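In my numbering, the protein residues as written are 114 to 251.
In this text, a Cβ means the ideal position worked out from N, Cα and C, and glycines have one as well.
Just so we're clear, the structure is a prediction, and the values are computed from it rather than from any experiment.
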Amino acid sequence: MPYKDLSSPEAKASFKRGQDKYMKTEKGKETRGRGHKKWREKPETKEKLKEYMKEYRKTDKYKRSHTISQWKRRGLIETDTYTYNSLYDKYLIHTNCDICQVILTTGKRCPETKMMDHDHISGEFRNFLCNDCNLRRG
């Protein structure tokens with residue numbers, strides 16, 4: 114049977130609806146991800162993935178993505194004033210606490226660790242502080 118021509122948006126949407134419909138059936142639920150799971154469980158694959166992730170976590174792309182996802186989880190929201198990416202760019206540039214002017218560090222948490230301060234009710238960003246000032250501010 115020849116493959117369907119999925120060059121038009123309508124054909125793609127129709128194909129996707131068919132896939133979604135199938136995945137809701139018992140057979141679809143049963144087979145979902147089976148091949149991928151077997152592949153991931155192979156010892157050589159596990160080692161390759163482990164090594165890949167070790168290298169990926171060192172990249173700027175990962176650090177940006179991870180930091181922004183942490184901010185989102187902790188309640189920071191985007192506003193008209195800033196986006197997550199523009200805020201992250203400011204985060205990289207910022208070197209001193211906005212309250213006590215101590216030089217900020219990154220990595221393990223200590224009194225001088227750089228923190229993103231935000232309003233816990235509205236979720237809006239306030240400024241970058243050291244861990245001590247952030248805890249005092251609440």
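Through-space distance from residue j to residue i, alpha-carbon basis
| i | j | result |
| --- | --- | --- |
| TYR175 | ASP193 | 25 Å |
| GLU154 | MET166 | 16 Å |
| GLU157 | GLY148 | 16 Å |
| LEU119 | TYR135 | 18 Å |
| LYS252 | GLU139 | Nothing can be reported for residue 252, as the shown portion of the chain is limited to 114 through 251. |
| ARG250 | ILE206 | 22 Å |
| LEU162 | LYS171 | 14 Å |
Other residues of its chain near residue i: CB distance less than 6 Å, five sequence neighbours each side excluded
| i | result |
| --- | --- |
| ASP245 | PRO224 |
| MET114 | Its pLDDT being 44, under 50, MET114 is placed unreliably by the model, and the measurement read from it follows with that caveat. Correct list: empty, nothing qualifies. |
For residue i, the first and last residue of its enclosing alpha helix (DSSP H)
| i | result |
| --- | --- |
| ASP230 | Note, ASP230: premise wrong, no alpha helix (DSSP H); beta strand (DSSP E) at 227-231. |
| LEU200 | 197-206 |
| ASN247 | 244-250 |
| ARG177 | 173-186 |
Cβ-based neighbour list, residue i, same chain, cut-off 7 Å, excluding 5 preceding and 5 following
| i | result |
| --- | --- |
| THR208 | ILE216, LEU217 |
Within 7 Å, strictly: CB atoms of residue i and residue j
| i | j | result |
| --- | --- | --- |
| ASN240 | ASP202 | no |
| LEU189 | HIS231 | yes |
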